[in-house]
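Novice: Numbering (the working numbering), first residue to last: 7 to 591.
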């Protein structure tokens, strides 16, 4: 039952409403033009299973899609709070540390969406909600479902290309949106959080799109160097040269949030600093082949010849500009099909400031039949994920390399290339930040979980778990607890949580709760054969507590299983190198 409107946008209206059981939800009612095409309705309903599987603290959960008569609706969590646009309008520019904190949460939400094979396509402050039930308010990304539906249908009514101020240049040029396009929009939003305006703001949509394609952003005063370097890399015109993944961006922003906490907010701007015209810069900085680079050259033969060369240069510049503008105008009309499934470019370049990975060229990379596992070594993590079926459960182990390998490169894979396609896969990926495995730490109180081994250890969905911890239990036992001192030195906890394959009762459930300084951060309900990713923000946490409880035993009530935390690890804050047991600060 719909009760009142909460807002409206280009794709429809959002209503507050209740289910038949009285539970409150938000209902996104799409424009009726979308419901007139039976094929669009069919595709719309097909998306329900995919979108409802995306669960993350920084994503507004989709509970279902509804098609009734001429109405298409998306049923979502009702978030109590305002969007980031309202917060920016009221409060102005944020301190760099706060901007990094919010940006990291947006990146974490994008990572969950990208891992599901979805591209958001419209990342902007209006689609970032601030959930005021937490203190400070947490970030919740919304409207990724709209983007996915637009991507999957051929209806002209759903041809969305995003919002001009945040659109990536390749998308404005008519190319398909990718995860890299979302990261570009995140870079625009970080810029805006720091100074109050977007870098290419203009009264003309046409001019805004041209600046995305041809201009570098002007740097506002008050943005610290490390944060500006990250923003500049996110706004690279070449998608392959942007950071490798949303996860990598979240890690870097989390570290910067700690480092930049003392920095003051920059002045709020009403217009961005002048941007830099790439075409003009390239024309003025380039030197013709064979010409002298000396500031003193041979004199011109005559004033007429000098004027002639100047005229030729001007004409060439005008022609080049005309080509760029014509291409942009053609793309702005949406003439190209953008229904290509979301994936990152296959020629991934290094991140800003990183050495080039030593991956073998595609021509030299071993190839295998489609029913065999591909060779992933040396690829960027996002590239590797793009080559895998969404049905494969990917577990990532972060490892600091000692050979200069850049961040985010696949160092090892298990199973090996050429193996049969598995249900789950482990990737060892290079990480610039230190990693501390929970298996190497001793709890300060509670239980000491059992450590698994590679040869005789725990398995989730048929795959052995490295750096694993286990806790056996059943509904007749009391809940288990393990606490660890983090000393506020870590930014995230990650791993894979589930019930060991050898658990004796197939219908056993276990509830896992994660607390930071007695505040609940995460709850997972786990069943046999369905492990879930564990991703928790632990920035500023002094003491971490894990609590678990087994439910749903057999007829006697006392058969259970073993809770497993595979590859459970803490990512250290920038500059901190953890020992076996960190001490509180």
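Beta carbons are placed, not taken as given, at the ideal position from N, Cα and C, and that holds for glycine.
Does the distance from the C-beta atom of residue 103 to that of residue 269 stay below 8 Å?
Specialist: Closer than 8 Å, so yes.
Novice: Based on the DSSP secondary-structure assignment, which residues constitute the bridge partners of residue 209?
Specialist: None; residue 209 has no bridge partner.
Novice: Under the three-state reduction of DSSP, which class applies to residue 354: helix, strand or coil?
Specialist: Note on residue 354: pLDDT 35, under 50, position unreliable in the model; the coordinate value appears next. Residue 354: coil per DSSP, three-state reduction.
Novice: Can you tell me whether residue 115 is helix, strand or coil according to DSSP?
Specialist: Three-state DSSP puts residue 115 in a helix.
Novice: Would you mind working out which of 185, 211 and 90 sits nearest residue 4, comparing C-alpha positions?
Specialist: Shown here, the chain extends from 7 to 591; a query on residue 4 therefore has no answer.
Novice: Considering only C-alpha positions, which residue in the set 274, 508 and 457 is nearest to residue 226?
Specialist: Residue 274 is the option with its Cα nearest to residue 226.
Novice: Is residue 125 near residue 195, with beta carbons less than 8 Å apart?
Specialist: Taking 8 Å as the Cβ cut-off, residue 125 and residue 195 do not qualify as a contacting pair.
Novice: Pull up the distance between the alpha-carbon of residue 518 and that of residue 415, whole angstroms please.
Specialist: Using only the alpha carbons, I get a separation of about 31 Å.
Novice: At 3 residues or longer, what runs of the beta strand (DSSP E) sit wholly inside the stretch 409-489?
Specialist: Listed in chain order, the complete beta strand (DSSP E) runs (minimum 3 residues) inside the stretch 409-489 are 416-420, 430-436, 441-443 and 475-479.
Novice: Taking the alpha carbon of residue 201 as the reference point, which residue from 271, 464, 148 and 192 has its own alpha carbon closest?
Specialist: The shortest Cα separation from residue 201 among 271, 464, 148 and 192 belongs to 271.
Novice: Smallest Cα separation from residue 243: which of 283, 119 and 208?
Specialist: Nearest option by C-alpha distance: 283.
Novice: I need the DSSP call for residue 271, collapsed to helix, strand or coil.
Specialist: In this structure, residue 271 counts as coil in the three-state DSSP scheme.
Novice: Quick one: using the 10 Å Cβ neighbour count with 16 as the cut-off for buried, is residue 44 buried or exposed?
Specialist: Exposed.
Novice: With distances taken between CB atoms, is the gap from residue 541 to residue 509 smaller than 8 Å?
Specialist: Cβ distance not < 8 Å, so residue 541 and residue 509 don't count as in contact.
Novice: Check for me: the alpha helix (DSSP H) holding residue 257 runs from which residue to which?
Specialist: 252-265 is the extent of the alpha helix (DSSP H) around residue 257.
Novice: Quick check: what's the CA-CA separation for residue 440 versus residue 172?
Specialist: If I take the Cα positions, the gap works out to 33 Å.
Novice: Could you say which of 552, 256 and 265 lies nearest to residue 232 if we only look at CA atoms?
Specialist: Minimum Cα distance to residue 232 is reached at 265.
Novice: Identify which residue in 428, 492, 95 and 404 has its Cα closest to the Cα of residue 418.
Specialist: Looking at the Cα atoms, 404 is the closest of the given residues.
Novice: Restricting to Cα atoms, I'd like to know which of 539, 435 and 567 is closest to residue 574.
Specialist: When each option's Cα is compared against that of residue 574, the closest is 539.
Novice: Mind reading off the beta-carbon distance from residue 599 to residue 496? Whole number of angstroms is fine, and I expect it under 8 Å.
Specialist: This structure leaves residue 599 out entirely; the chain is present only between 7 and 591.
Novice: Where do the ends of the alpha helix (DSSP H) carrying residue 391 lie?
Specialist: Segment 387-392, the alpha helix (DSSP H) holding residue 391.
Novice: Between 481, 450, 549 and 111, which has its C-alpha nearest residue 555's C-alpha?
Specialist: Here the closest residue by C-alpha is 481.
Novice: Judging by CA-CA distance, which residue of 258, 179 and 247 is the nearest neighbour of residue 220?
Specialist: Nearest of 258, 179 and 247 to residue 220, Cα basis: 179.
Novice: Residue 576 to residue 205, Cα distance in whole Å?
Specialist: One C-alpha to the other measures close to 35 Å.
Novice: Cβ of residue 389 within 8 Å of Cβ of residue 402?
Specialist: No, these two residues do not count as a Cβ contact at 8 Å.
Novice: Leaving out five residues before and five after residue 222 in sequence, what residues of the same chain have Cβ atoms less than 7 Å from its Cβ?
Specialist: Cβ within range, chain order: 281, 282 and 284.
Novice: Among 436, 76 and 150, which one has its Cα closest to the Cα of residue 47?
Specialist: Residue 76 is the option with its Cα nearest to residue 47.
Novice: Could you give the distance in angstroms between the alpha-carbon of residue 58 and the alpha-carbon of residue 80?
Specialist: Approximately 10 Å, taken between the alpha carbons.
Novice: Starting from residue 187, trace the alpha helix (DSSP H) in both directions and tell me its first and last residue.
Specialist: Segment 185-201, the alpha helix (DSSP H) holding residue 187.
Novice: Using a 10 Å radius around the Cβ and a threshold of 16 neighbouring Cβ atoms, would you call residue 26 buried or exposed?
Specialist: With fewer than 16 Cβ atoms within 10 Å of its Cβ, residue 26 is classed as exposed.
Novice: Along the alpha helix (DSSP H) that carries residue 237, what are the first and last residues, could you check?
Specialist: 231-240 is the span of the alpha helix (DSSP H), which, as asked, contains residue 237.
Novice: Among 101, 93 and 133, which has the Cα closest to the Cα of residue 34?
Specialist: Taking only the C-alpha atoms, the option nearest residue 34 is 133.
Novice: Could you give the residue range of the beta strand (DSSP E) that holds residue 567?
Specialist: Counting along the chain, the beta strand (DSSP E) containing residue 567 begins and ends at 567-578.
Novice: For residue 506, which of 550, 532 and 135 has the nearest alpha-carbon?
Specialist: The shortest C-alpha separation from residue 506 is found at 532.
Novice: May I have the straight-line CA-CA distance separating residue 112 from residue 564, to the nearest angstrom?
Specialist: Distance between the alpha carbons of residue 112 and residue 564: 42 Å.
Novice: Am I right that residue 36 and residue 21 are in contact with their C-beta atoms under 8 Å? What's the rounded C-beta distance?
Specialist: Wrong, their Cβ atoms sit about 12 Å apart, outside the cutoff.
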